[in-house]
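J.:
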Amino acid sequence: MLQLIQLFLRFSSLFVFLVLEIFCFLMVVKYNQRQSDVYLNTVNQFTGFLDEKTSQVYHYFRLYDENVRLARENARLFERLTNAGIRDTSLQDSVFDDKQQLQYLFMPAKVVKNSTNSNHNYLILDKGEKDGVVPNSGVVTEHGVVGIVRKVSKNYCVAMSILHRQTKISARIRNKGFFGPLTWKSTDAWMFDLEDIPKHAPVAKADTVETSGYSRLFPKGIMIGTIEKLSMEPGSNFFSITVRSHQDMSNLQHVYIVKNLLAKEQEQIEEAVLQEDE
Amino acid sequence: MNNTIAINFLRFLGLVVVQGLVFKNVGNDWLQFPYLQIIVFPVFIMLLPLRTPRPLVTLLGFGIGLVIDFFYNTLGLHASAAVFTAYIRHFVLRLLEPRNGYNANYSPTAARMGIGWFLQYSSLLTILHLFFYFSVEAFTFVYIADILLKTVVSFAASMIFVMIYQLIFNPLD
Chain A
1176 MLQLIQLFLR
1186 FSSLFVFLVL
1196 EIFCFLMVVK
1206 YNQRQSDVYL
1216 NTVNQFTGFL
1226 DEKTSQVYHY
1236 FRLYDENVRL
1246 ARENARLFER
1256 LTNAGIRDTS
1266 LQDSVFDDKQ
1276 QLQYLFMPAK
1286 VVKNSTNSNH
1296 NYLILDKGEK
1306 DGVVPNSGVV
1316 TEHGVVGIVR
1326 KVSKNYCVAM
1336 SILHRQTKIS
1346 ARIRNKGFFG
1356 PLTWKSTDAW
1366 MFDLEDIPKH
1376 APVAKADTVE
1386 TSGYSRLFPK
1396 GIMIGTIEKL
1406 SMEPGSNFFS
1416 ITVRSHQDMS
1426 NLQHVYIVKN
1436 LLAKEQEQIE
1446 EAVLQEDE
Chain B
44 MNNTIAINFL
54 RFLGLVVVQG
64 LVFKNVGNDW
74 LQFPYLQIIV
84 FPVFIMLLPL
94 RTPRPLVTLL
104 GFGIGLVIDF
114 FYNTLGLHAS
124 AAVFTAYIRH
134 FVLRLLEPRN
144 GYNANYSPTA
154 ARMGIGWFLQ
164 YSSLLTILHL
174 FFYFSVEAFT
184 FVYIADILLK
194 TVVSFAASMI
204 FVMIYQLIFN
214 PLD
């Protein structure tokens, strides 16, 4: 303590000088317009730089929350698309109401496990019974179709990937209406086969293939890919079409589980007719 | 002793009046040439007795600077320059110390130390004071050329009056 006082006494004039000078500068900045402008400008440049850097770091740590938020937002936007709903007024009415009733719900989910290298590939997603996932729901991303939910546990569900020999997705050619099942017969994770397109259909290479909406799993109009190869087998009435998918199945992270709210109704009425016919 | 305090007090008042009421208007109102600022009040700091404690010199510099600021309506600007000048007075004195040292009872005036010595002493303090003052006025070194030009012009003008003061009054303290 004594040394501290000695030190202070020894440099007392320096201390007085510094204290007074700081006091003067505070006054200069506070009471003089020009100097305070210069001061604020300089300080803002400096703090602006710091703020930018800290917010970059801050944003980096917020990325997870941000991803969750964006996934929810995407799901909400999917639901707003016209192909996710049905019109609840019929066109017979002279008053045309464009109001839609929601038919498909989109739920963001994360891929927990994925494979692409076997003949029967499955995905495990982090949503289950407690989130309201039911079997036979479609799984999509913004790039295309991913698979179909098969089994649901409390926290997880297992989806059959489109890279599964038994997966069949009802697809059609955009704007042309011809439809057929899309299957995976190749060993290439990008290539799929579209069957049952009749020979008279005006199909060309690079036509877009999308979901038809006939299958209760997916809303219509979800992009699958483009036609890569088109050939006609002799003696067959159908084209054999190879479709190049837009979806990279090997780096999936965020997907959306599609829940069709009218699936049960559609299924019941279909079965009723089938039973009658038998 | 009392005499010295009285003289310095009167000098304080006189310089404040001259600086704040007369020289303040020279560059800005009369000549319309802001590069020329006649600043003579640091003479008060220069002529404080040699035995004055250094912290007191700094405090007195702050005092006269603040009073000048009231006249100039630039709170803190002249005070910061005056505090600076008062602080470096000690170093300038040490730099110009004669071979046989100072007589601590004297004030560093022209009459005591000689006109040549006083010219060096007051020139050094004045130019440093002006440079500091114009730097704080600009508050950035972006306009360093402007600051130096103002310093040189104002230095020449101010020194005339600083020397005139010594020659007319020729104060011992």
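Chains as they are written, first to last, in my numbering: chain A, 1176 to 1453; chain B, 44 to 216. Backbone N, C-alpha and C define an ideal beta-carbon position, used for all residues, glycine too.
1. Do we get a CB-CB distance below 7 Å when we pair Ala49 (chain B) with the residues of chain A?
2. I need the straight-line Cα distance from Gln1441 (chain A) to Leu1225 (chain A), nearest angstrom please.
3. Determine the direct distance from the alpha carbon of Thr1222 (chain A) to that of Ile1299 (chain A), and round the result to whole angstroms.
4. Give the residues from the segment 111-122 of chain B that approach chain A closer than 7 Å (Cβ to any Cβ), ordered along the chain.
5. Which value, in whole angstroms, describes the spacing of the CA atoms of Leu74 (chain B) and Thr47 (chain B)?
6. Identify each residue in the segment 138-149 of chain B for which the Cβ-Cβ distance to at least one residue of chain A is less than 7 Å, and report them in chain order.
7. Going along the segment 86-100 of chain B in order, which residues come within less than 7 Å of chain A, judged by CB to CB distance?
8. Quick check on His121 (chain B): does DSSP put it in helix, strand or coil?
9. Provide the residue span of the alpha helix (DSSP H) that contains Val1320 (chain A), from first to last.
10. Does the beta carbon of Gln1208 (chain A) sit closer than 7 Å to a beta carbon anywhere in chain B?
11. For chain A, find out if any of its Cβ atoms is closer than 7 Å to the Cβ of Val196 (chain B); answer yes or no.
12. Just list the alpha helix (DSSP H) runs in the segment 88-173 of chain B, keeping only unbroken ones of 4 residues or longer that don't cross its boundaries, in chain order.
13. Determine whether the Cβ of Val1203 (chain A) lies closer than 7 Å to any Cβ atom of chain B.
14. Tell whether a beta-carbon distance below 7 Å holds between Phe1353 (chain A) and Ala1376 (chain A).
15. Would you kindly check if the distance between the Cβ of Val1384 (chain A) and the Cβ of Val1418 (chain A) is under 7 Å?
16. Looking only at its own chain, which residues have a Cβ that is under 6 Å from the Cβ of Val1287 (chain A), when we skip the five neighbours before and after it?
17. Beta-carbon of Val1218 (chain A) versus every beta-carbon of chain B: anything under 7 Å?
18. Would you kindly report the start and end of the unbroken alpha helix (DSSP H) that includes Ile207 (chain B)?
19. DSSP beta-bridge partners for Cys1332 (chain A)?
20. If we ignore side chains and look at the alpha-carbon of each, how far apart do Ser1269 (chain A) and Leu1392 (chain A) end up?
21. Can Phe175 (chain B) be considered in contact with the ligand ATP, in the sense that its beta carbon sits closer than 6 Å to one or more heavy atoms?
22. Straight-line CA distance for Asn71 (chain B) to Arg1209 (chain A)?
23. Rank B:Arg94, B:Ile88, B:Leu102 and B:Leu162 by C-alpha distance to the C-alpha of Asn202 (chain B) and give the top, closest one.
24. Counting only Cβ pairs nearer than 7 Å, list the residues of chain A close to Tyr78 (chain B).
25. Under the DSSP definition of a beta bridge, which residues are partnered with Asn1289 (chain A)?
26. Taking the alpha carbon of Leu1277 (chain A) as the reference point, which residue from A:His1295, A:Asn1294, A:Arg1251 and A:Glu1227 has its own alpha carbon closest?
27. What span of residues does the alpha helix (DSSP H) with Asn1439 (chain A) cover, start to end?
28. Relative to the alpha-carbon of Pro96 (chain B), which residue among B:Ser123, B:Arg132 and B:Asn116 has its alpha-carbon at the smallest distance?
29. Taking buried to mean at least 16 other C-beta atoms within 10 Å of its own C-beta, is Phe84 (chain B) buried or exposed?
30. Chain A beta carbons: is any one of them nearer than 7 Å to that of Phe182 (chain B)?
31. Would you check if there are 3 or more beta carbon pairs closer than 8 Å linking the segment 114-126 of chain B to the segment 164-178 of chain B?
32. Would you kindly check if the distance between the Cβ of Phe1253 (chain A) and the Cβ of Phe1236 (chain A) is under 7 Å?
33. Measuring only the C-alpha atoms, how far is Gly1303 (chain A) from Val1309 (chain A)?
34. Report the residue from B:Thr194, B:Gln209, B:Phe182 and B:Asp189 whose alpha carbon sits nearest the alpha carbon of Lys1205 (chain A).
35. Rounded to the nearest angstrom, what separates Leu118 (chain B) and Glu180 (chain B) at their Cα positions?
36. Does DSSP classify Val1215 (chain A) as helix, strand or coil?
T.: Taking the definition as stated:
1. Position 6 of the second sequence, counted from the first residue, corresponds to residue 49 (chain B). Not closer than 7 Å to any Cβ of chain A, the Cβ of Ala49 (chain B) fails to qualify, so no.
2. Mapped onto the first sequence, residue 1441 (chain A) falls at position 266. Mapped onto the first sequence, residue 1225 (chain A) falls at position 50. The straight-line gap from Cα to Cα measures roughly 59 Å.
3. Numbered from 1 along the first sequence, position 124 holds the residue referred to as residue 1299 (chain A). Numbered from 1 along the first sequence, position 47 holds the residue referred to as residue 1222 (chain A). Spanning the two alpha carbons is a distance of roughly 47 Å.
4. Thr117, Leu118, Gly119, Leu120 and Ala122
5. Taking the first residue of the second sequence as position 1, residue 74 (chain B) is located at position 31. Taking the first residue of the second sequence as position 1, residue 47 (chain B) is located at position 4. The alpha-carbon atoms of Leu74 (chain B) and Thr47 (chain B) are separated by roughly 37 Å.
6. If the cut-off is 7 Å between Cβ atoms, the segment 138-149 of chain B has nothing near chain A.
7. Arg97 and Pro98
8. As a first step, residue 121 (chain B) is located in the second sequence; it is residue number 78 there, counting from the start. Note: His121 (chain B) maps to helix in three-state DSSP.
9. One-based indexing of the first sequence puts residue 1320 (chain A) at position 145. Looking at the DSSP string, Val1320 (chain A) is not in any alpha helix (DSSP H); the run it does join, the beta strand (DSSP E), is Val1320 to Val1327.
10. Here residue 1208 (chain A) refers to the residue found at position 33 when the first sequence is read from its first residue. Chain B contact via Cβ: absent.
11. One-based indexing of the second sequence puts residue 196 (chain B) at position 153. Cβ-Cβ to chain A under 7 Å: no for Val196 (chain B).
12. 97-115, 120-138 and 153-156
13. Taking the first sequence and counting its residues from 1, one reaches residue 1203 (chain A) at position 28. Yes, Val1203 (chain A) counts as interfacial toward chain B.
14. As a working mapping, residue 1353 (chain A) is identified with position 178 in the first sequence. As a working mapping, residue 1376 (chain A) is identified with position 201 in the first sequence. Yes, Cβ-Cβ distance for Phe1353 (chain A) and Ala1376 (chain A) is below 7 Å.
15. On the first sequence, position 243 is the one that residue 1418 (chain A) refers to. On the first sequence, position 209 is the one that residue 1384 (chain A) refers to. Val1384 (chain A) sits close to Val1418 (chain A), with the two beta carbons spaced by under 7 Å.
16. As a working mapping, residue 1287 (chain A) is identified with position 112 in the first sequence. Ile1299 and Asp1301.
17. As a first step, residue 1218 (chain A) is located in the first sequence; it is residue number 43 there, counting from the start. It does not: the Cβ of Val1218 (chain A) has no partner Cβ on chain B nearer than 7 Å.
18. Translated into the one-based positions of the second sequence, residue 207 (chain B) becomes position 164. Ile187 to Phe212 is the span of the alpha helix (DSSP H), which, as asked, contains Ile207 (chain B).
19. Here residue 1332 (chain A) is taken as the residue at index 157 of the first sequence, counted from 1. Answer is A:Leu1300 and A:Val1327.
20. Against the first sequence, residue 1269 (chain A) aligns to sequence position 94. Against the first sequence, residue 1392 (chain A) aligns to sequence position 217. Because Ser1269 (chain A) carries a pLDDT of 46, less than 50, the predicted location of this residue cannot be relied on, and the following value inherits that uncertainty. Their backbone Cα atoms lie some 32 Å apart in a straight line.
21. With respect to small molecules bound, the structure shown includes none, and the ligand ATP cannot be examined in it.
22. The residue given as residue 71 (chain B) occupies position 28 in the second sequence. The residue given as residue 1209 (chain A) occupies position 34 in the first sequence. So the alpha carbons of these two residues sit roughly 17 Å apart.
23. In the second sequence, the residue the question calls residue 202 (chain B) occupies position 159. The sequence shown places Met at residue 202 (chain B), rather than the Asn named in the question. Looking at the Cα atoms, B:Leu162 is the closest of the given residues.
24. The sequence position of residue 78 (chain B) within the second sequence is 35, counting from 1. Here the premise fails: no neighbours, minimum Cβ distance about 16 Å.
25. Sequence index remark: in the first sequence, residue 1289 (chain A) carries index 114 (1-based). A:Leu1298.
26. Locating residue 1277 (chain A) in the first sequence gives position 102, counting from the first residue. Among A:His1295, A:Asn1294, A:Arg1251 and A:Glu1227, the Cα nearest to that of Leu1277 (chain A) belongs to A:Arg1251.
27. Position 264 of the first sequence, counted from the start, is the residue given in the question as residue 1439 (chain A). The residue you asked about is not Asn; residue 1439 (chain A) is Lys in the sequence shown. Segment Ala1438 to Asp1452, the alpha helix (DSSP H) holding Lys1439 (chain A).
28. Numbered from 1 along the second sequence, position 53 holds the residue referred to as residue 96 (chain B). Here the closest residue by C-alpha is B:Arg132.
29. Here residue 84 (chain B) refers to the residue found at position 41 of the second sequence. It is buried - the Cβ of Phe84 (chain B) has at least 16 other Cβ atoms within 10 Å.
30. On the second sequence, position 139 is the one that residue 182 (chain B) refers to. Yes, because at least one Cβ of chain A sits closer than 7 Å to the Cβ of Phe182 (chain B).
31. yes
32. For this step, residue 1236 (chain A) is matched to residue 61 along the first sequence. For this step, residue 1253 (chain A) is matched to residue 78 along the first sequence. Against a cut-off of 7 Å, the Cβ pair of Phe1253 (chain A) and Phe1236 (chain A) comes out as no contact.
33. For the purposes of this step, residue 1303 (chain A) is identified with residue 128 of the first sequence, where counting begins at 1. For the purposes of this step, residue 1309 (chain A) is identified with residue 134 of the first sequence, where counting begins at 1. Those two C-alpha atoms are separated by around 8 Å.
34. Here residue 1205 (chain A) is taken as the residue at index 30 of the first sequence, counted from 1. Per the Cα distances, B:Phe182.
35. By 1-based counting over the second sequence, the position of residue 118 (chain B) is 75. By 1-based counting over the second sequence, the position of residue 180 (chain B) is 137. Rounded to the nearest whole angstrom, the CA to CA distance from Leu118 (chain B) to Glu180 (chain B) is 11 Å.
36. Residue 1215 (chain A) sits at position 40 when you count from the first residue of the first sequence. Inspection of the sequence shows that residue 1215 (chain A) is occupied by Leu rather than by Val. Helix at Leu1215 (chain A).
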